[in-house]
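If you count by UniProt numbering, then the sequence shown holds residues 1 to 582, one letter each, in order.
Every residue, glycine too, gets a C-beta built ideally from N, C-alpha and C.
First comes the structure, then the notes that go with it.
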Amino acid sequence: MDYLDEEQRRAITMKSSSISLGYKDYSLNLLDSPGHMDFCSEVSTAARLSDGALVLVDAVEGVHIQTHAVLRQAWIEKLTPCLVLNKIDRLICELRLSPMEAYTRLIRIVHEVNGIVSAYKSEKYLSDVDSILASPSGEITDESLELLEDDEEITFQPQKGNVVFVCALDGWGFGVSEFANFYASRLGANADTLQKSLWGPRYYIPKTKMIVGKKSLSAGSKTNPMFVEFVLEPLWEVLDPGSDGAVLEKVIKSFNLIIPPSELQNKDPKNLRRSVMSRWLPLSDAVLSMAVKHLPDPISAQAYRIPRLVPERKVIGGNDVDSSVLAEAELVRRSIEACDSSPDSPCVVFVSKMFAMPMKMIPQGGDHRERMNGLNDDDSNSESDECFLAFARIFSGVLRAGQRVFVISSLYDPLKGESYIQEAQLHSIYLMMGQGLKPVNEVKAGNVVAIRGLGPYISKCATLSSTRNCWPLASMEFQVSPTLRVAIEPSDPSDMSALMKGLRLLNRADPFVEITVSARGEHVLAAAGEVHLERCIKDLSDRFARVNIEVSSPLVSYRETVEGDGSNLLESLTSLSLNTWD
1 MDYLDEEQRR
11 AITMKSSSIS
21 LGYKDYSLNL
31 LDSPGHMDFC
41 SEVSTAARLS
51 DGALVLVDAV
61 EGVHIQTHAV
71 LRQAWIEKLT
81 PCLVLNKIDR
91 LICELRLSPM
101 EAYTRLIRIV
111 HEVNGIVSAY
121 KSEKYLSDVD
131 SILASPSGEI
141 TDESLELLED
151 DEEITFQPQK
161 GNVVFVCALD
171 GWGFGVSEFA
181 NFYASRLGAN
191 ADTLQKSLWG
201 PRYYIPKTKM
211 IVGKKSLSAG
221 SKTNPMFVEF
231 VLEPLWEVLD
241 PGSDGAVLEK
251 VIKSFNLIIP
261 PSELQNKDPK
271 NLRRSVMSRW
281 LPLSDAVLSM
291 AVKHLPDPIS
301 AQAYRIPRLV
311 PERKVIGGND
321 VDSSVLAEAE
331 LVRRSIEACD
341 SSPDSPCVVF
351 VSKMFAMPMK
361 MIPQGGDHRE
371 RMNGLNDDDS
381 NSESDECFLA
391 FARIFSGVLR
401 AGQRVFVISS
411 LYDPLKGESY
421 IQEAQLHSIY
431 LMMGQGLKPV
441 NEVKAGNVVA
451 IRGLGPYISK
461 CATLSSTRNC
471 WPLASMEFQV
481 SPTLRVAIEP
491 SDPSDMSALM
501 KGLRLLNRAD
511 PFVEITVSAR
521 GEHVLAAAGE
531 VHLERCIKDL
541 SDRFARVNIE
551 VSSPLVSYRE
561 TVEGDGSNLL
571 ESLTSLSLNT
581 WD
């Protein structure tokens, strides 16, 4: 899904993107977001449009600072997380760990990630206690206890099915359920019971055909945990670079794998192992089956995300308040809570960012296009050949191409009239397929789409609604702020107008960049970090302004915490200054 030249050159994701997938009887929208800390704003834009999160952790490098940031963003947006441990193959092929050593490392990573989530749960629990104690009654009642009920269940549990182990590069992966189903018939055991035992201190005794805990092992027993014996040891036989072809042939016959002769005759053992593993344990089945089993559907998710999406408003005004406006706004909120996709329900959409795409990549033609022949397409820029699309999710109702909607700012108040609201007519709607777009005439609530026709109306993010009596969805939270600033000017002064136009386009295309004018009249570009800054400068010169530019040395913003009025310190410094001049 990384189609930008800069993404491919650096081999990292820089922009969140989406792809619509079909899996069995399910339709899924998979949003890919960056892992680099400079692009954490892209994580925020993807999280707002999601119901769940697949948290990717490197099995070799373990938990990083961005893991904390992603988990916190998922917690803020009330997303249900699942854990994906990637690069499992490196544990044997590079680190040369034994199955038991690899198991110990995986246990530690899962425990560490659970610890991060547990800290967020504890933080919320204590915050809720403080809120209740600060209430007028100051007492914890039975009703309060229900609100404070703490979920002690560990979040990520491989035996529960919300953790998978994968090698994304080679296209294979698995959860413990795949091995539980395979061994159940061979051992004459129940698959569900076996799955619960394939993680943690559970041991299989062949003589008695029993599964026991660590305390039931005989003294001096060298029996390995079942995850090591039944999962990692067979995998290690296949993945071991020194293994012969007999092991692969055994796997092919045991699981009736169909592999083309051209791949079987490949002389590179690594490619042959990749062919076998990707058909034995397909990555798509492992990840998507976990998603449909453990991540919520839009109807379930919006029901408990509603306090975050549309917080309840306390309206003060007495008889001056228009009750009909409040009634319709409450109807809209209930429609969002229910993810109502009926044609008569109010249509509510949240745009988390605008993104630029070359005009040559925008699909042309189609019935929806013909209906729009008379519309002004101001979201494309003829000089840069870029078209601006809205990255959006439908939270209620049905969105149609050509529909008129209200574009609502986060500052909009339906009780205060016409400020912070505009009316717009949509041009086209697309399902995103990675770098491709599929035109559609209408899309129901719960889907993620790209919308054309909103370029002149939205700078960063906004709420779209079929009615003006709608509260805007809550603003997104970014965990960092732009700290790296540079002054920008054209190499040729005559290109200043092109540069200013390019800066406006860049400001719209990037959800996090800040463009300001200093007191000296310099155009200042602020980014999250060095990598983000480099990409912004490249986009500005190559895509949006298309002129040669001069960039000043980076100026990093420093912040200090000030406590108290500082009067004593000021007196001391004044005295010191006077004494120095004496």
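Check your understanding: When DSSP builds the beta bridges, which residues end up paired with residue 354?
Key -> Residue pairing of residue 354 in beta bridges, as defined by DSSP: 390.
Review point. Excluding five sequence neighbours on each side, which residues of the same chain lie with their C-beta closer than 7 Å to the C-beta of residue 19?
Key: Cβ within range, chain order: 1, 30, 432, 433 and 434.
Practice item. Indicate the three-state DSSP secondary structure (helix, strand or coil) for residue 382 in the structure shown. Key: Because residue 382 carries a pLDDT of 44, less than 50, the predicted location of this residue cannot be relied on, and no value is offered for it.
Practice item. Quickly, what does DSSP pair residue 433 with across the bridge? List them, please. Key: DSSP links residue 433 through a beta bridge to 19 and 436.
**Study point:** Rounded C-alpha distance that separates residue 388 from residue 424
**Key:** Between residue 388 and residue 424, the C-alpha separation is close to 15 Å.
**Study point:** Spatial distance of residue 496 from residue 489 (CA atoms)
**Key:** Distance between the alpha carbons of residue 496 and residue 489 is about 7 Å.
Exercise for review: Determine the burial state of residue 302: buried for a count of at least 16 other Cβ atoms within 10 Å of its Cβ, exposed for fewer.
Suggested key: Result: buried.
Check your understanding: In chain order, what residues of the same chain lie with their CB nearer than 7 Å to the CB of residue 184, ignoring the 5 residues before and after it?
Key -> Hits under 7 Å: 190, 191 and 194.
Review point. DSSP state of residue 444, grouped into three classes?
Key: Three-state result, residue 444: strand.
**Study point:** residue 32 - containing beta strand (DSSP E), residue span
**Key:** Here the beta strand (DSSP E) through residue 32 covers 26-32.
Check your understanding: Between which two residues does the beta strand (DSSP E) containing residue 58 stretch?
Key -> Residues 52-58.
Exercise for review: Can you give me the Cβ contacts of residue 55 inside the same chain, cut-off strictly under 8 Å, excluding the 5 residues immediately before and after it?
Suggested key: Hits under 8 Å: 67, 70, 71, 74, 81, 82, 83, 84 and 113.
Check your understanding: How long is the line joining the alpha carbons of residue 484 and residue 390, rounded to whole angstroms?
Key -> So the alpha carbons of these two residues sit roughly 27 Å apart.
Review point. Taking the continuous alpha helix (DSSP H) assigned at residue 251, which residues delimit it?
Key: Start and end: 245-254.
Exercise for review: Give the DSSP-derived three-state secondary structure of residue 523 in the structure shown.
Suggested key: In the three-state DSSP reduction, residue 523 falls in the strand class (E or B).
Review point. Taking DSSP as the reference, what is the three-state secondary structure of residue 66?
Key: Residue 66: helix per DSSP, three-state reduction.
**Study point:** Distance, residue 555 Cα to residue 535 Cα
**Key:** Between residue 535 and residue 555, the alpha-carbon positions lie close to 17 Å from each other.
Check your understanding: Looking only at its own chain, which residues have a Cβ that is under 8 Å from the Cβ of residue 188, when we skip the five neighbours before and after it?
Key -> Cβ-Cβ distances below 8 Å link residue 188 to 209 in the same chain, with the five nearest sequence neighbours on each side left out; the list follows chain order.
Point to revise | Coarse secondary structure for residue 113, derived from DSSP in three states | key: Judged by DSSP in its simplified three-state form, residue 113 adopts helix.
Review point. Got a sec, what are the start and stop residues for the beta strand (DSSP E) residue 485 sits in?
Key: Bounds of the beta strand (DSSP E) holding residue 485 are 484-490.
Review point. What residues in its chain sit with their C-beta under 7 Å from that of residue 223, if we drop five residues either side in the sequence?
Key: Counting only Cβ-Cβ distances below 7 Å, and skipping sequence neighbours, we find 203 and 217.
Practice item. Return the Cβ separation of residue 395 and residue 339 in integer angstroms, given the expectation that the two are a contact with Cβ distance under 8 Å. Key: 7 Å between Cβ atoms; contact.
Point to revise | residue 397, buried or exposed, once every other Cβ within 10 Å from all chains shown has been counted against 16 | key: Classification of residue 397: buried, given that the 10 Å Cβ count is 16 or more.
Check your understanding: By Cβ distance below 8 Å, which residues in the same chain neighbour residue 237 in space, the five residues on each side in sequence not counted?
Key -> Hits under 8 Å: 243 and 247.
Exercise for review: Helix, strand or coil for residue 211, going by three-state DSSP, please let me know.
Suggested key: Residue state, collapsed to three classes: strand.
Practice item. Helix, strand or coil for residue 155, going by three-state DSSP, please let me know. Key: Here residue 155 sits in coil by DSSP.
Exercise for review: Inspect the beta-carbon positions of residue 198 and residue 180 and report whether they are closer than 8 Å.
Suggested key: At the C-beta level, residue 198 and residue 180 come within 8 Å of one another.
Practice item. Go ahead and pull the three-state DSSP assignment for residue 172. Key: It is a strand residue.
**Study point:** residue 93 versus residue 215: straight-line alpha-carbon distance, rounded
**Key:** Whole-angstrom Cα-Cα distance: 34 Å.
Check your understanding: Which residues share a DSSP beta bridge with residue 275?
Key -> According to DSSP, which records beta bridges pairwise, residue 275 is partnered with nothing at all.
Review point. Using 8 Å as the Cβ pair cut-off and three pairs as the minimum, do the region 462-476 and the region 399-411 touch?
Key: The region 462-476 is in contact with the region 399-411.
Practice item. Just the C-alpha distance for residue 454 and residue 46, rounded to the nearest angstrom, thanks. Key: Rounded to whole angstroms, residue 454 to residue 46 spans 19 Å at the Cα level.
Review point. Going by the beta-carbon positions, is the gap between residue 287 and residue 259 smaller than 8 Å?
Key: In this structure, residue 287 sits away from residue 259, with a CB-CB distance that is not shorter than 8 Å.
Review point. Between residue 468 and the rest of its own chain, which residues show a CB-CB distance below 7 Å, the 5 nearest in sequence each way excluded?
Key: Cβ neighbours of residue 468 beyond the five flanking positions: 406, 414 and 421.
Practice item. Compare the Cα-Cα distances from residue 294 to each of 160, 241, 538 and 515 and report the closest residue. Key: Ranking the options by Cα distance to residue 294, first place goes to 160.
Point to revise | Cβ pair residue 441, residue 401 closer than 8 Å | key: Taking 8 Å as the cut-off, the Cβ atoms of residue 441 and residue 401 count as close.
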